[in-house]
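Everything in the sequence shown is counted per this note's numbering, starting at 4 for the first residue and increasing by one.
Even glycine gets a Cβ: it sits at the ideal position worked out from N, Cα and C.
Keep in mind it's a predicted model, so treat the numbers as computed, not measured.
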Amino acid sequence: MINVAVLGLQQPLQKEFYYYHDEDLFLEDWTKKRFDIVIFHLSYLQTIVDLQKVYDFYRIAVYEHLDYYIYKKVLQYADFVYDFYELWKIPLRVQKLNTQITKLKSNIFQYNDLLFNAETEQLYKDKKPIKLSPGEKELLKLLIKNRDRVLSKVEIVEESETISSLESIKVFVSRLRSLGFEIQNHKNQGYQLKETT
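Here it is, written out as structure tokens:
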């Protein structure tokens with residue numbers, strides 16, 4: 004389920020959304036809920052711009068009197084812009100974004116300060132990309148996929164297209180450990196990614 008905040012609008016859009024008329028309360032809740040989508044009145048644009056510098060989220064702006072120039076200007080900071088006559092479109096837009104966000108989240112694996120996007124095979128540490136070899140990527144994907152059990156070295160070689168020897172597994176495990184993954188070695192059995200607490 005995604006978190007949607009509505010900031011500064013009087014009209015209810017959907018009961019599942021979190022509604023705010025107080026900017027301080029919104030910012031306080033932001034740290035707890037980390038919203039995926041923020042629907043906001045244009046008078047709160049500066050707050051949204053400031054948040055956008057630090058966090059990644061969808062931004063839907065609403066304003067009473069849109070013209071070409073306001074619309075063009077706001078699109079620099081918002082993903083979507085609607086006027087008050089188009090409010091009925093917003094729940095449909097949120098529904099579409101919900102599908103995209105849910106799909107994206109299912110491809111993302113977070114491990115402490117590490118983030119691995121399984122679809123792009125990109126690892127991030129503190130939001131900075133980390134380069135992995137093809138073998139390291141494949142081992143990491145296998146460990147994540149099978150994190151509920153011990154994965155034998157033979158299974159790793161059999162399920163992998165890039166890992167061809169048992170000796171190379173040790174090198175890849177060592178590198179992943181140096182990045183911050185806690186990989187347990189079960190003697191004569193194999194490896195398992197330790198769950199984070």
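Counted within 10 angstroms of its Cβ, other Cβ atoms place residue i as buried (16 or more) or exposed
{"i": "Y254", "result": "Only positions 4 to 200 of the chain appear in this structure, which leaves residue 254 out of reach."}
{"i": "E67", "result": "exposed"}
{"i": "Y61", "result": "buried"}
{"i": "Y114", "result": "buried"}
{"i": "D39", "result": "buried"}
{"i": "Y58", "result": "exposed"}
Test item: CB-CB of residue i and residue j under 8 Å
{"i": "V153", "j": "G193", "result": "yes"}
{"i": "L182", "j": "I111", "result": "no"}
{"i": "L5", "j": "I73", "result": "Note that residue 5 is Ile in the sequence shown, not Leu. No, the pair does not count as a contact, with Cβ atoms beyond the cut-off."}
{"i": "R37", "j": "I63", "result": "no"}
{"i": "R150", "j": "E198", "result": "yes"}
{"i": "L142", "j": "L179", "result": "yes"}
Sequence-distant residues of the same chain with beta carbon closer than 7 Å to residue i, five excluded per side
{"i": "S155", "result": "Q192, G193"}
{"i": "G138", "result": "T165, I166, S171, F175"}
{"i": "H189", "result": "V153, Q195"}
{"i": "I93", "result": "L16, I42, I63, Y85"}
Other residues of its chain near residue i: CB distance less than 6 Å, five sequence neighbours each side excluded
{"i": "H44", "result": "G11, L12, V65"}
{"i": "Y127", "result": "L118"}
{"i": "F20", "result": "V7, V9"}
Contact set for residue i: own chain, Cβ-Cβ below 8 Å, skip 5 residues either direction
{"i": "A121", "result": "N110, I111, F112, K144, I147"}
Residue i Cβ short of 7 Å to the ligand NAP heavy atom set
{"i": "L182", "result": "This structure lacks the ligand NAP; in fact it carries no ligand of any kind."}
Complete runs of the alpha helix (DSSP H) confined to the stretch 127-152 [at least 4 residues]: 137-148
Segments assigned beta strand (DSSP E), at least 3 residues, entirely inside the stretch 4-43: 7-10, 21-23
Alpha helix (DSSP H) segments (min. 4 residues) lying fully within the stretch 35-116: With a minimum length of 4 residues, the continuous alpha helix (DSSP H) runs that stay inside the stretch 35-116 are 48-55, 71-77, 93-109.
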